[in-house]
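Here the structure comes first, spelled out in structure tokens, and everything after it is commentary.
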Amino acid sequence: METIKIGMVGYKFMGKAHSHAYRDLPLFFPKSIHPEMKVICGRNPEGVAEAAKQCGWKEYTTDWRGLLERDDIDLIDINAPSDVHKEITIAAVQAGKHVFCEKPLALTLKDAREMLEAVEAAGVKHMVGFNYRFAPAVMLAKKLIEEGRLGDIYHFRAWFLQDWLIDPNFPLAWRLQKDIAGSGSHGDLGAHLIDMAHYLIGDITEVIGMSDTFIKERPLPTNMTGLSATVSDNAEKGEVTVDDATLFLARFDNGALGSFEATRFASGHRCTNSFEINGSKGSVIFDFERMNELQVYFTDDRADVQGFRRVLATDPAHAFAEAWWPPGHTIGYEHTFIHEVVELMAAFREDRQPVPNFRDGVKCQEVLEAVDLSIEKRQWIKISDM
Ligand code: SOE
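Heads up, the sequence shown is in this note's numbering, so the first residue is 14 and it goes up one at a time.
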């Protein structure tokens, strides 16, 4: 049986999501190349040992450099925080490994470009973890656009709303520290929206943004795991060095206008990752919290029944759906990662680059950084100037 032998770095939130994807893939996509879960790596020996057992990895290690030296590993899957993506990627490709890296690709555009240069020079396969592209309802939106069913696209309106930072006593987790995370809502949530825009609509040509950090200082954490962190009474405070919310406007190459909003301060919204697209012949609306559905509107529907219809993207006609359950039996967040890995394995079988890859990661980073620059300069920034 053909297999790709995986070494994974990072074992928390994304490490678990990717591990689960590798585990489930052979059961539902038996014809795919199988990922072999060889070694998982993390900083904390007890933590990584527990993760290895729980997730089904054959071995674990705390030494990522040692992991790269092994000749029984084909691909390095990087789920560690963003500040180590570049170092691990460059060392991995120098050791001849393929790389699958979580988003955002890097802390800066310069670093992302260096990573792209390194993977291309090494001639290895590279993928970036924009998982939301792989929701069948999103893929249906893409199909309708490509078939011209929505006509000329006028508007792309996207918002990713969370509320886990509303409590001012939520500690200064790594995602709130610029030197580790690169940015806040912008790189964490906005990056997904930008990738979605690139996937569905096409290139962005210019942007202008605004952002704020509502809570400037937070208690220092005593312990951090994944998204959660604990804090002791009377803990000292440290400065929040990333944005709490970033909004921006954009123009697309095809003439469409875009608006983007990413925030962790939208009370009541846990993970509202949504977009609406309006074209000359119709519209679609997607909301990740109802990820199996796409709202679809066509202007040429009979006048007396015009309106948005709810399409459940679980029929054999929909992407990936046949591999899962009978129609109407919905899928969830974790399935987006399984689909991502289906694409990764297909790229090995077909000897091509997976999509999205580091080129998409760099494109996303160009927009992220252009928005930051526009905020600093208080003016429109062209992506071609980045
Ligand atoms: C946390 O804000 C987070 O988990 C992001 O890091 C993910 O990329 C996004 O999918 C959901 O929210």
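Just so you know, even glycine gets a beta-carbon here, dropped at the ideal spot from N, CA and C.
In this structure, E82 lies near A108, with their beta-carbon atoms less than 8 Å apart.
In this chain, the beta strand (DSSP E) harbouring E289 covers T285 to G292.
Within the same chain, and ignoring the five residues on either side of F147 in sequence, the residues whose Cβ sits closer than 6 Å to its Cβ are T349, H352 and E353. Shown here, P232 sits in a strand according to DSSP, grouped into three states. Q175 has its CB nearer than 7 Å to a heavy atom of the ligand SOE. Distances from the CB of D225 to the heavy atoms of the ligand SOE are all 7 Å or more.
For the beta strand (DSSP E) assignment, the uninterrupted runs of no fewer than 3 residues enclosed by the stretch 69–130 are, from N- to C-terminal side, 72–74, 88–91 and 111–115.
Residue I91 holds the alpha-carbon nearest to the alpha-carbon of G28 among I91, I228, A279 and L80. Secondary structure of V375 (DSSP, three-state): helix. The beta-carbon separation of V106 and A125, rounded to 14 Å, does not stay under the 8 Å limit for a contact. Fully enclosed beta strand (DSSP E) runs of no fewer than 3 residues are not present anywhere in the stretch 325–362.
Under the three-state reduction of DSSP output, E274 falls in the strand class. Q308 carries a strand assignment under DSSP once its states are collapsed to helix, strand and coil.
About 6 Å separates the beta carbons of D208 and P369, which is inside the 8 Å limit, making them a contact pair.
In terms of CA proximity to F26, E115 leads the group E115, V375, D328 and A119. In the three-state DSSP reduction, F169 falls in the strand class (E or B).
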